[in-house]
């Protein structure tokens with residue numbers, strides 16, 4: 059059974075990082091800026107065990123009506139990073155519908171970059187844009203709730219609907 063956020067041993071952050079981990083009003087633990095972070099700054103790499111999509115689906119089988127593991131991050135259609143195994147502090151950066159960070163995939167690696175000015179004390183967050191194979195039904199949205207509190211909150215961490223899709 060993979061570790062969960064509630065039982066994860068959270069080591070102190072690397073002092074070189076511009077954030078610390080602490081309790082978040084959004085969800086569990088969060089990453090909070092310890093100093094000003096300008097827009098476009100590379101903050102941290104999202105690390106973990108690299109798996110094939112098939113391996114990740116075997117590790118976390120889709121079960122109708124159950125929430126899927128959210129430490130998984132797809133690099134492409136074939137490779138997934140599971141931060142529950144070998145992950146670093148980046149796995150505690152929460153979702154927001156009005157994010158101050160972006161997840162950037164570059165050369166097969168995942169980076170968290172600042173998207174705008176971030177002041178000391180502000181929680182770091184990016185839009186998870188979590189993708190499900192199933193339709194984004196009201197029940198699916200309830201399984202993946204968002205508690206970011208943004209004025210633009212869409213109520214779910216699921217990816218925005220694509221334009222032109224029926």
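Residue numbers (my numbering): 59 to 224.
Note that CB positions come from ideal geometry on N, CA and C, so glycine has one too.
Only a predicted model underlies this, so the values are computations on that prediction, with no experimental measurement involved.
Report, in whole angstroms, the separation of the C-beta atoms of residue i and residue j, which I expect to be a contact under 8 Å.
i           : j           : result
residue 102 : residue 139 : Not really, about 13 Å apart at Cβ, beyond 8 Å.
Which residue wins for smallest C-alpha separation from residue i, given the options the options?
i           : options            : result
residue 177 : 91, 85, 79         : 91
residue 147 : 158, 106, 191      : 106
residue 157 : 131, 166, 173      : 173
residue 143 : 108, 85, 181       : 108
residue 94  : 182, 192, 81, 191  : 182
residue 79  : 119, 210, 209, 179 : 179
residue 185 : 165, 145, 151, 191 : 151
residue 171 : 100, 145, 73, 110  : 100
residue 216 : 81, 118, 153       : 153
residue 166 : 207, 89, 104, 73   : 104
Between the C-alpha atoms of residue i and residue j, what's the straight-line distance to the nearest angstrom?
i           : j           : result
residue 98  : residue 75  : 15 Å
residue 155 : residue 187 : 9 Å
residue 87  : residue 71  : 13 Å
residue 175 : residue 159 : 10 Å
residue 64  : residue 96  : Note that residue 64 has pLDDT 46, beneath the 50 cutoff, so the model's placement of it is unreliable and no number is given.
residue 130 : residue 141 : 6 Å
residue 84  : residue 112 : 31 Å
residue 161 : residue 116 : 25 Å
residue 145 : residue 212 : 28 Å
residue 73  : residue 163 : 25 Å
residue 81  : residue 200 : 23 Å
residue 89  : residue 205 : 15 Å
residue 114 : residue 77  : 29 Å
residue 208 : residue 149 : 21 Å
residue 189 : residue 110 : 16 Å
Does the distance from the CB of residue i to the CB of residue j come in under 8 Å?
i           : j           : result
residue 120 : residue 218 : no
residue 214 : residue 203 : yes
Step through the CB atoms of chain C and report whether any lies within less than 8 Å of the CB of residue i.
i           : result
residue 203 : In summary, chain C is missing from the structure at hand, where a single protein chain is found.
With three or more beta-carbon pairs closer than 8 Å as the criterion, would you say the stretch 129-139 touches the stretch 192-199?
no
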